[in-house]
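See structure below.
2 protein chains.
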Amino acid sequence: MADVTTRIVIADDQAAIRHGFRLVLDAQPDLCVVGEAADGAGALATARLLRPDILLVDVRMPGPDGLEVVRQLAGDGPGAVPETRVIVVTTFDLDEYVYPALRDGAAGYLLKRSGPTLLVEAIRAAMSGEALVSPSITVRLLRGLTASPAPATARAALTEREAEVAGLVAQGCTNAEIAAELLISPGTVKTHVASAQRKVGARNRVGVAAWAWRTGLAR
Amino acid sequence: MADVTTRIVIADDQAAIRHGFRLVLDAQPDLCVVGEAADGAGALATARLLRPDILLVDVRMPGPDGLEVVRQLAGDGPGAVPETRVIVVTTFDLDEYVYPALRDGAAGYLLKRSGPTLLVEAIRAAMSGEALVSPSITVRLLRGLTASPAPATARAALTEREAEVAGLVAQGCTNAEIAAELLISPGTVKTHVASAQRKVGARNRVGVAAWAWRTGLAR
DNA sequence: GGGAGCCTCCCCCTTTCGGCAGAGGCGGGG
DNA sequence: CCCCGCCTCTGCCGAAAGGGGGAGGCTCCC
Chain X
222 MADVTTRIVI ADDQAAIRHG FRLVLDAQPD LCVVGEAADG AGALATARLL RPDILLVDVR
282 MPGPDGLEVV RQLAGDGPGA VPETRVIVVT TFDLDEYVYP ALRDGAAGYL LKRSGPTLLV
342 EAIRAAMSGE ALVSPSITVR LLRGLTASPA PATARAALTE REAEVAGLVA QGCTNAEIAA
402 ELLISPGTVK THVASAQRKV GARNRVGVAA WAWRTGLAR
Chain U
222 MADVTTRIVI ADDQAAIRHG FRLVLDAQPD LCVVGEAADG AGALATARLL RPDILLVDVR
282 MPGPDGLEVV RQLAGDGPGA VPETRVIVVT TFDLDEYVYP ALRDGAAGYL LKRSGPTLLV
342 EAIRAAMSGE ALVSPSITVR LLRGLTASPA PATARAALTE REAEVAGLVA QGCTNAEIAA
402 ELLISPGTVK THVASAQRKV GARNRVGVAA WAWRTGLAR
């Protein structure tokens with residue numbers, strides 16, 4: 222591995238955050254902050270001009286937000302900067318930010334409260350072509366993988382049989398298929414789907430399926 | 222939160238590894254290694270006896286392997302130890318270990334080459350109910366987030382309009398509602414749903430919704 | 001000019017859902 | 001003991017979805 226200095230650009234609308242990051246990163250012998258930006262347009266411009274190894278970007282910024290920056294730089298469009306890995310750093314771990322960012326090619330997703338250690342680790346990981354995601358977000362990503370360790374509170378609303386049926390609905394099964402699977406009559410399946418529907422407040426079976434995915438009952 | 226010492230047990234068949242971990246962890250003021258085990262049976266016995274906050278466990282061990290230890294301790298069976306979070310630490314990042322471990326409730330998955338910093342961070346994350354996964358593994362998990370679960374790849378398969386319709390389908394909207402929302406005729410909505418269905422390989426609209434949820438198009 | 005792809009709309013028909021109402025068996029708890 | 005919740009099943013009917021076809025207008029590109 223080439224042991225040269227890793228060049229970093231920080232994009233955040235809060236000067237204090239930029240200053241704090243710079244202190245932390247410049248304290249590392251192999252890291253160097255070479256630029257800053259206070260909004261999305263500045264982040265894009267600076268990244269395209271300096272082509273840093275790492276761009277730390279906040280999600281919420283004036284102008285194009287962090288997600289848009291990720292899309293443009295990490296994509297394969299005309300304005301992409303392939304040699305720059307973009308790490309998203311933000312305050313809140315909202316799903317609506319996490320998934321698009323990671324899907325669109327972010328090389329990491331950190332929370333500001335994670336502390337300086339993980340920030341440095343995330344940069345080193347990104348330089349190795351890896352990705353570090355904040356532990357608090359990772360647990361949710363894993364939940365999409367987990368054999369449902371129960372938001373028992375929400376699921377308690379449904380009876381065992383209803384939950385079973387709801388899970389199969391979420392897989393795209395018709396009532397007849399569910400009936401065959403569970404060895405009951407299609408009419409009974411309709412009963413279960415209907416009560417599950419009523420209990421979770423859905424207007425049709427797709428709503429039941431959506432609920433099943435949200436709660437982790439289905440995956 | 223009680224700011225007491227985090228009690229740790231190390232299970233690894235190599236004494237040198239156990240020794241190294243102990244040095245690193247005991248150097249932290251708030252961490253304390255209270256036990257060691259050299260095989261799976263010992264890991265289970267020690268965990269059940271000491272009920273530590275953290276169990277670091279290697280995957281490859283004599284007797285029950287690390288995955289079995291995770292299953293038994295993190296499950297809800299008779300031998301489970303709910304207050305102990307199990308972090309898997311191993312040398313190789315093989316999928317056949319990673320996925321089962323995380324699915325069965327591991328509170329983290331680390332590579333030994335990750336270094337002491339991430340080890341300490343992983344323990345702190347686990348104590349907060351979070352999970353730290355090695356960056357080199359995270360990239361693969363993310364890859365599975367974008368592409369792998371769908372046989373036909375990315376959203377690029379769908380046209381913009383189809384994706385829009387698919388998103389509304391995932392919200393539980395009927396064709397008529399989607400039509401009203403997008404200001405097009407219900408018949409056109411049916412066309413879009415049908416082609417989205419065909420492209421993602423679904424048998425009905427619930428399958429389209431499932432795909433939208435899996436790929437993150439819908440939330 | 002001639003595709004190709006996309007969006008839009010229309011027809012037909014069958015299958016599946018969704019809502020309604022009822023009913024019997026079976027278990028646990030007041 | 002009786003009531004309540006759950007699971008099972010039945011019927012009917014209108015609404016929605018799914019499958020097949022065709023068709024016109026639009027843009028982009030060769």
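Protein sequences, first through last, are from chains X and U. Under my numbering, read the first sequence as residues 222 to 440, first letter to last. Under my numbering, read the second sequence as residues 222 to 440, first letter to last. Don't be surprised by glycine CBs; every beta carbon is placed ideally from N, CA and C.
In the DSSP assignment, residue 259 (chain U) falls outside any alpha helix (DSSP H), carrying neither H nor E.
The DSSP assignment places 287 to 295 as complete runs of the alpha helix (DSSP H) inside the stretch 268 to 306 of chain X, in order along the chain (cut-off: 4 residues). X:233 is the residue among X:233, X:249 and X:349 whose C-alpha sits nearest the C-alpha of residue 265 (chain X).
With respect to residue 230 (chain U), residue 256 (chain U) sits close: the two C-beta atoms are nearer than 7 Å. Between the alpha carbons of residue 288 (chain X) and residue 327 (chain X) lies a distance of about 9 Å. For residue 275 (chain X) against residue 319 (chain X), the beta-carbon gap comes to about 19 Å, at or over 8 Å, which does not count as contact. Excluding its 5 nearest sequence neighbours in each direction, residue 425 (chain X) has C-beta neighbours in its own chain below 8 Å: 418, listed in chain order. DSSP places residue 308 (chain U) in the strand class (E or B) of the three-state scheme.
Using a 10 angstroms sphere on the CB of residue 239 (chain X), the tally of other CB atoms reaches 16 or more, which defines it as buried. Only residues of its own chain outside the window of five on either side were considered, and among them 386, 390, 396, 426 and 429 have a CB closer than 7 Å to the CB of residue 414 (chain X), listed in chain order. Residue 251 (chain U) counts as exposed, since fewer than 16 other C-beta atoms from the protein chains shown sit within 10 angstroms of its C-beta. For residue 432 (chain U), no CB of chain X lies under 7 Å from its own CB, so it is not counted at the interface with that chain.
Shortest Cα-Cα distance from residue 394 (chain X) to any of X:379, X:310, X:381 and X:410 involves X:410. With a cutoff of 7 Å on beta-carbon distance, residue 260 (chain X) and residue 282 (chain X) are scored as near each other. Contact of residue 396 (chain U) with chain X by beta-carbon distance below 9 Å is absent, the smallest such distance being about 11 Å. In the three-state scheme derived from DSSP, where H, G and I count as helix and E and B as strand, residue 390 (chain X) is classed as helix. At a cut-off of 7 Å between C-beta atoms, residue 424 (chain X) counts as an interface residue with respect to chain U. In this structure, residue 310 (chain U) lies near residue 277 (chain U), with their beta-carbon atoms less than 7 Å apart. Taking 9 Å as the Cβ-Cβ cut-off, the stretch 335 to 349 of chain U approaches chain X at 335, 336, 338, 339, 341, 342, 343, 345, 346, 347 and 349, given in chain order. Rounded to the nearest whole angstrom, the C-alpha separation of residue 423 (chain U) and residue 398 (chain U) is 21 Å. The beta-carbon distance between residue 355 (chain X) and residue 331 (chain X), rounded to whole angstroms, is 5 Å. This is short enough to meet the 8 Å contact definition. In the three-state reduction of the DSSP assignment, residue 326 (chain X) falls in the coil class. Think of a sphere of 9 Å around the beta carbon of residue 428 (chain X): the chain U residues whose beta carbon falls inside it are 392 and 393, in chain order. Annotated as proximal: residue 243 (chain U) and residue 254 (chain U), with beta-carbon spacing under 7 Å. Contact between residue 341 (chain U) and residue 249 (chain U) holds: their C-beta atoms lie close to 6 Å from each other, under 8 Å. Against chain U, the beta carbon of residue 357 (chain X) has neighbours under 8 Å at 346, 349 and 351, listed in chain order.
With a threshold of 16 other beta carbon atoms within 10 Å, residue 306 (chain U) meets it and is buried. The beta carbons of residue 344 (chain U) and residue 227 (chain U) sit about 7 Å from each other, so the pair counts as a contact at 8 Å. Residue 408 (chain U) is not a Cβ neighbour of residue 439 (chain U), given a cutoff of 7 Å.
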